[in-house]
Amino acid sequence: MNSCAPVSVVMSAFQEGDSVAQTVASVQGAAVRPREIVLVDDGSTDGSCDRDWPPGVRVLHQDHVGIAAARNLGARSARQPVVVFLDAHCAVDDQWLAPLVAVLDREPDALVGPAVRDHADPRFVGCGAEIVDPLLAYRWRPVTGTGGEVGLVPGGCLAVVRDRFLAQGGFAPFTGHGLEDVELALRWWRLGRPLLGAAKSVVLHRFRSLAPYPADHQAWLQNVLRTALLHLPSPYLRASVMACSRLPSFPTAIATVLAEPWVPEHSRLLDIEARTVTAYVDRWAPRAFGRTDG
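Under numbering that gives the first Met the number 0, the sequence shown has 208 at position 209, and the numbering climbs by one with no breaks.
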């Protein structure tokens with residue numbers, strides 16, 4: 000008989016087709032399963048979330064805003080002390096939940112991620128990531144030992160104690176897809192909280208060269224700029240903005256972001272900062288900002 004962990008798995012879905020049902024089946028079929036799955040339909044029109052779901056699956060609906068808003072809605076609705084955010088195009092190992100919960104039992108303030116294998120090529124596996132360029136893109140880190148500290152927990156699978164996550168405002172109010180995990184990692188670092196990998200937890204992820212929906216480059220660029228403005232000191236901020244300025248949607252993106260009320264959050268983060276972004280860059284993003292003089 001499958002055992003249950005005190006976990007709410009939160010899955011957001013937008014135009015996922017049959018992948019979302021396959022991911023739900025994988026999670027529920029594991030030897031250790033969550034007590035509930037909260038599936039947030041982010042305005043899909045393909046019917047992917049309109050199914051007769053098995054017990055233990057709750058479906059919430061919202062207009063299409065993006066993955067950050069969908070995950071926040073799922074976390075607020077979750078009924079278990081641990082939330083695991085999982086992409087809707089994954090398959091999980093039988094024992095995937097236990098190592099994540101064990102790390103959070105020891106380090107309840109942490110963000111924790113599993114070892115992630117490429118579904119198409121299981122030889123590729125990473126655990127945690129590091130930022131590699133001024134646009135805040137990241138690269139997976141090779142698995143070493145049982146995990147340990149990482150620079151970033153990619154959002155494809157991310158575990159956190161629900162109350163601590165919500166107390167810090169959840170994911171930032173980003174639109175579309177992208178950067179919500181980078182912003183959260185920088186915020187968690189600045190709070191002095193651990194970012195950890197749990198390599199004994201294994202998730203297979205379907206990395207896609209083409210998403211099943213049109214790419215929204217402006218929303219992604221706005222999320223890059225929001226993250227940079229909130230967290231990066233000069234000269235890293237300058238390097239990031241200059242990299243963004245080379246992209247066609249930059250004028251509209253920067254105007255949109257600068258018009259938002261980002262200054263109070265920037266000031267709040269400075270007031271509560273326990274570790275600096277400069278220390279983060281030195282450790283986890285030295286190649287991203289190796290040249291900051293223009």
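We put the beta carbon where it would ideally sit given N, CA and C, even for glycine.
So residue i packs on residue j, CB below 8 Å; how close in whole Å?
{"i": "residue 155", "j": "residue 198", "result": "Not quite, the Cβ-Cβ distance comes to about 15 Å (not below 8 Å), so this is no contact."}
{"i": "residue 160", "j": "residue 80", "result": "6 Å"}
{"i": "residue 225", "j": "residue 258", "result": "Actually they do not touch by this definition, with Cβ atoms about 12 Å apart."}
{"i": "residue 89", "j": "residue 112", "result": "Their Cβ separation, rounded to whole angstroms, is 12 Å, which puts residue 89 and residue 112 out of contact at 8 Å."}
{"i": "residue 139", "j": "residue 176", "result": "About 18 Å; that fails the 8 Å criterion."}
{"i": "residue 273", "j": "residue 191", "result": "3 Å"}
For residue i and residue j, I'd like the C-alpha separation in whole angstroms.
{"i": "residue 187", "j": "residue 46", "result": "36 Å"}
{"i": "residue 3", "j": "residue 249", "result": "47 Å"}
{"i": "residue 84", "j": "residue 31", "result": "16 Å"}
{"i": "residue 93", "j": "residue 86", "result": "17 Å"}
{"i": "residue 162", "j": "residue 9", "result": "15 Å"}
{"i": "residue 51", "j": "residue 40", "result": "14 Å"}
{"i": "residue 283", "j": "residue 152", "result": "12 Å"}
{"i": "residue 115", "j": "residue 201", "result": "6 Å"}
{"i": "residue 35", "j": "residue 62", "result": "23 Å"}
{"i": "residue 167", "j": "residue 110", "result": "12 Å"}
{"i": "residue 137", "j": "residue 245", "result": "19 Å"}
{"i": "residue 281", "j": "residue 235", "result": "12 Å"}
{"i": "residue 169", "j": "residue 276", "result": "20 Å"}
{"i": "residue 262", "j": "residue 228", "result": "9 Å"}
{"i": "residue 72", "j": "residue 196", "result": "25 Å"}
List the endpoints of the continuous beta strand (DSSP E) containing residue i.
{"i": "residue 313", "result": "Here the chain covers residues 0 to 293 and nothing more, so residue 313 does not appear."}
{"i": "residue 217", "result": "No beta strand (DSSP E) holds residue 217; the alpha helix (DSSP H) holding it covers 216 to 230."}
{"i": "residue 126", "result": "124 to 130"}
{"i": "residue 19", "result": "Note, residue 19: premise wrong, no beta strand (DSSP E); alpha helix (DSSP H) at 18 to 28."}
{"i": "residue 73", "result": "Where residue 73 is concerned, there is no enclosing beta strand (DSSP E), although the alpha helix (DSSP H) it sits in stretches over 66 to 76."}
Along the chain, where does the alpha helix (DSSP H) containing residue i start, and where does it finish?
{"i": "residue 272", "result": "Element bounds for residue 272: n/a, residue is neither H nor E."}
{"i": "residue 179", "result": "179 to 189"}
{"i": "residue 168", "result": "Run containing residue 168: none; DSSP gives neither H nor E here."}
{"i": "residue 97", "result": "96 to 105"}
Measuring CA to CA, which of the options is closest to residue i?
{"i": "residue 295", "options": "130, 29, 44 and 230", "result": "Since the displayed the chain opens at 0 and closes at 293, residue 295 lies outside it and no answer follows."}
{"i": "residue 255", "options": "111, 6 and 223", "result": "223"}
{"i": "residue 206", "options": "123, 266 and 25", "result": "123"}
{"i": "residue 279", "options": "221, 263 and 148", "result": "148"}
{"i": "residue 183", "options": "17, 43, 37 and 67", "result": "67"}
{"i": "residue 13", "options": "42, 28, 23 and 22", "result": "42"}
{"i": "residue 251", "options": "58, 95, 217 and 20", "result": "217"}
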